[in-house]
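In structure tokens form, the structure reads like this:
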């Protein structure tokens with residue numbers, strides 16, 4: 001017997017999902033609410049529903065508004081493919097492509113926006129409910145949300161608007177306090193904001209492909225006990241790959257974060273959280289940023305790689321930070337940065353300011369930070385390695401990643417502890433010449449060198 005609480009958008013009797021899936025889903029939610037009115041029948045009463053989106057292209061003109069718990073919206077394929085490569089490929093070559101657009105169960109965000117609209121107006125899915133208890137257990141799984149195009153934010157014709165990472169569109173916007181939400185197996189592409197969530201508790205963002213968005217994951221307001229794990233993530237040069245503010249107990253683990261995001265992880269006022277076993281890649285300084293007294297966070301067993309943008313269409317863009325900022329920029333107290341592998345591969349001609357030593361870990365303010373056993377490898381490309389560049393985005397990046405032979409040592413400051421930061425401990429993360437700090441107010445043990453033991 002078919003369940004009354006299972007809906008297929010292609011079989012619903014209101015609206016056309018191919019023309020406006022937003023109208024269809026809103027009608028389905030209204031039906032669920034009209035049938036599930038009793039909050040307590042036989043220790044139940046409001047089981048919620050599943051809304052299924054089969055593979056296909058569905059335009060979304062009307063924003064979906066979700067104000068019920070226990071709702072799962074699910075498709076049959078995250079459908080991600082690179083729109084950035086598509087828009088930076090000459091039209092004459094596209095005729096030979098086997099596919100051009102993202103696919104799977106794909107929602108095309110066609111919401112019309114006006115100047116001055118609130119950020120939430122551009123969201124494909126808007127979740128908000130007041131009163132008690134908090135809205136709970138809303139799930140998004142296995143479909144693609146595509147913002148379609150970026151647009152110029154300054155009217156400039158000098159830069160390709162498709163590389164601007166701005167269009168006012170958001171994939172999922174959760175505006176009220178929530179509990180046990182899940183976003184899994186999703187694809188997000190060409191949205192200014194992939195996922196924006198306020199006041200989350202026990203949130204799971206797992207196994208998604210969130211890339212070529214202005215910002216990928218933003219946890220705002222305040223929250224706790226959430227996890228961001230096993231995702232493939234990559235923001236634009238002006239936005240966050242992972243951002244959190246005023247949260248405690250976040251677990252960020254086993255993510256592969258691609259380059260071009262202004263930062264890989266940006267914490268503001270985040271405490272007692274864990275960043276472990278991730279692979280972070282960036283073309284700019286400021287890969288990991290702690291602001292506003294981030295405290296007692298644990299950063300361990302991650303691989304950080306910073307190198308130079310190898311793809312011609314994106315060479316003119318960066319995040320505006322220079323190499324004195326630090327790959328890891330720390331403001332706060334009692335944070336542990338332990339046993340990370342950090343690679344910087346950059347030709348000296350790209351270092352800013354010219355002639356300066358790049359900074360790897362910079363402790364700007366705070367006390368009690370513990371920096372230990374980090375393996376920092378800094379090299380510069382030779383001319384032979386640079387000649388391996390190619391016009392293909394994929395080939396250019398892979399060749400750059402695989403380059404290991406034609407590299408020379410690069411002189412860097414591995415750890416810089418500013419005067420405003422005291423009572424820190426730095427162990428085995430650089431030798432005497434590579435660590436800059438006041439050793440009268442901070443503890444230091446240098447990494448052993450061969451010269452120390454030579455006769």
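In full-length UniProt numbering, the protein residues as written are 1 to 455.
Glycine included, each C-beta is placed from N, C-alpha and C at the ideal position.
Legend entry - Same chain only: Cβ atoms within 6 Å of residue 204, ignoring 5 sequence neighbours per side: The sequence position of residue 204 within the chain shown is 204, counting from 1. If we look at residue 204 and ignore the five residues flanking it on each side, its Cβ neighbours are 182, 227.
Legend entry - Opening and closing residue of the alpha helix (DSSP H) in which residue 26 lies: For the purposes of this step, residue 26 is taken as the residue at position 26 of the chain shown. Here the alpha helix (DSSP H) through residue 26 covers 17-35.
Inset, instruction - Determine the extent of the beta strand (DSSP E) in which residue 292 is found, giving its start and end residues. - result: For the purposes of this step, residue 292 is taken as residue 292 along the chain shown, with counting starting at 1. Note, residue 292: beta strand (DSSP E), 288-295.
Legend entry - Best match in 353, 333, 192 for proximity to residue 368 [C-alpha to C-alpha]: Reading the chain shown from its first residue, position 368 is the one you call residue 368. Taking only the C-alpha atoms, the option nearest residue 368 is 333.
Inset, instruction - Along the alpha helix (DSSP H) that carries residue 86, what are the first and last residues, could you check? - result: Start at 1 with the first residue of the chain shown, and residue 86 comes out as number 86. Residue 86 -> alpha helix (DSSP H) spans 83-87.
Legend entry - DSSP state of residue 224 mapped onto helix, strand, coil: Position 224 of the chain shown holds residue 224. Strand.
Legend entry - Reduced DSSP secondary structure (H/G/I, E/B, other) of residue 433: On the chain shown, residue 433 is found 433 positions in, with the first residue counted as 1. If DSSP states are grouped into helix, strand and coil, residue 433 belongs with coil.
Inset, instruction - Would you mind sorting residue 206 into buried or exposed? The rule is 16 or more other CB atoms within 10 Å of its CB. - result: What you label residue 206 is simply residue 206 of the chain shown in a count that begins at 1. Flag for residue 206 reads buried.
Inset, instruction - Enumerate in chain order the residues of its own chain whose CB-to-CB distance from residue 419 is below 8 Å, with the five nearest sequence positions on each side excluded. - result: Within the chain shown, the letter at position 419 stands for residue 419. Within the same chain, residue 419 has close Cβ partners 438.
Legend entry - Start-to-end residues for the alpha helix (DSSP H) that takes in residue 91: In the chain shown, the residue the question calls residue 91 occupies position 91. 91-94 is the span of the alpha helix (DSSP H), which, as asked, contains residue 91.
Legend entry - Coarse secondary structure for residue 1, derived from DSSP in three states: Residue mapping note: residue 1 aligns to position 1 of the chain shown, counting from 1. Per-residue confidence for residue 1 stands at a pLDDT of 46, beneath the threshold of 50, marking its modelled position as unreliable; the derived number appears in the next sentence. Residue 1 falls in the coil class under three-state DSSP.
Legend entry - N- and C-terminal bounds of the beta strand (DSSP E) containing residue 323: Within the chain shown, numbered from 1, the residue matching residue 323 stands at position 323. It is not in any beta strand (DSSP E) - residue 323 carries neither H nor E in the DSSP assignment.
Legend entry - Sufficient close CB pairs (3 or more, under 8 Å) joining the stretch 272-280 to the stretch 308-322: no
Legend entry - Proximal residues to residue 169 (C-beta, below 6 Å), its chain only, five neighbours per side dropped: Stepping through the chain shown from its first residue, residue 169 is reached at position 169. Cβ neighbours of residue 169 beyond the five flanking positions: 109, 122, 147, 191, 192.
Legend entry - Exposure label - residue 448; buried when at least 16 CB within 10 Å: Within the chain shown, residue 448 is the residue found at index 448, counting from 1. Per the 10 Å Cβ criterion, exposed.
Legend entry - residue 414 - containing beta strand (DSSP E), residue span: As a working note, residue 414 is residue 414 in the chain shown. 413-417 is the span of the beta strand (DSSP E), which, as asked, contains residue 414.
Inset, instruction - Determine the closest residue to residue 116 out of 83, 167, 140, with distance taken between C-alpha atoms. - result: Within the chain shown, the letter at position 116 stands for residue 116. Checked all of 83, 167, 140; the closest Cα to residue 116 is 167.
Inset, instruction - Report the three-state DSSP secondary structure of residue 139 (helix, strand or coil). - result: Here residue 139 refers to the residue found at position 139 of the chain shown. Of the three classes helix, strand and coil, the one that applies to residue 139 here is strand, per DSSP.
Legend entry - Three-state secondary structure assigned by DSSP to residue 121: The residue given as residue 121 occupies position 121 in the chain shown. Helix at residue 121.
Inset, instruction - Determine the DSSP secondary structure at residue 450, reduced to helix, strand or coil. - result: What you label residue 450 is simply residue 450 of the chain shown in a count that begins at 1. DSSP places residue 450 in helix when its eight states are reduced to three.
Legend entry - Secondary structure of residue 348, DSSP reduced to three states: Here residue 348 corresponds to residue number 348 of the chain shown, with the count starting at 1. If DSSP states are grouped into helix, strand and coil, residue 348 belongs with the helices.
Inset, instruction - For the stretch 194-221, list the beta strand (DSSP E) runs that are entirely contained and at least 3 residues long, ordered along the chain. - result: 204-206, 209-213, 215-220
Legend entry - Three-way DSSP call (helix, strand, coil) for residue 57 in this model: By 1-based counting over the chain shown, the position of residue 57 is 57. Correct three-state label for residue 57: strand.
Legend entry - Under 8 Å between C-beta atoms of residue 430 and residue 415: The residue you call residue 430 lines up with position 430 of the chain shown. The residue you call residue 415 lines up with position 415 of the chain shown. Contact flag set, yes.
Legend entry - Under 8 Å between C-beta atoms of residue 291 and residue 246: As a position in the chain shown, residue 291 is number 291, starting the count at 1. As a position in the chain shown, residue 246 is number 246, starting the count at 1. No, Cβ-Cβ distance for residue 291 and residue 246 is not below 8 Å.
Inset, instruction - Please determine, among 185, 57, 262, the residue with the shortest C-alpha to C-alpha distance to residue 17. - result: Position 17 of the chain shown, counted from the start, is the residue given in the question as residue 17. For residue 17, the nearest C-alpha among the options comes from 57.
Legend entry - Stretch-stretch touch, CB-based, cutoff 8 Å, three pairs: the stretch 76-93 with the stretch 30-41: no
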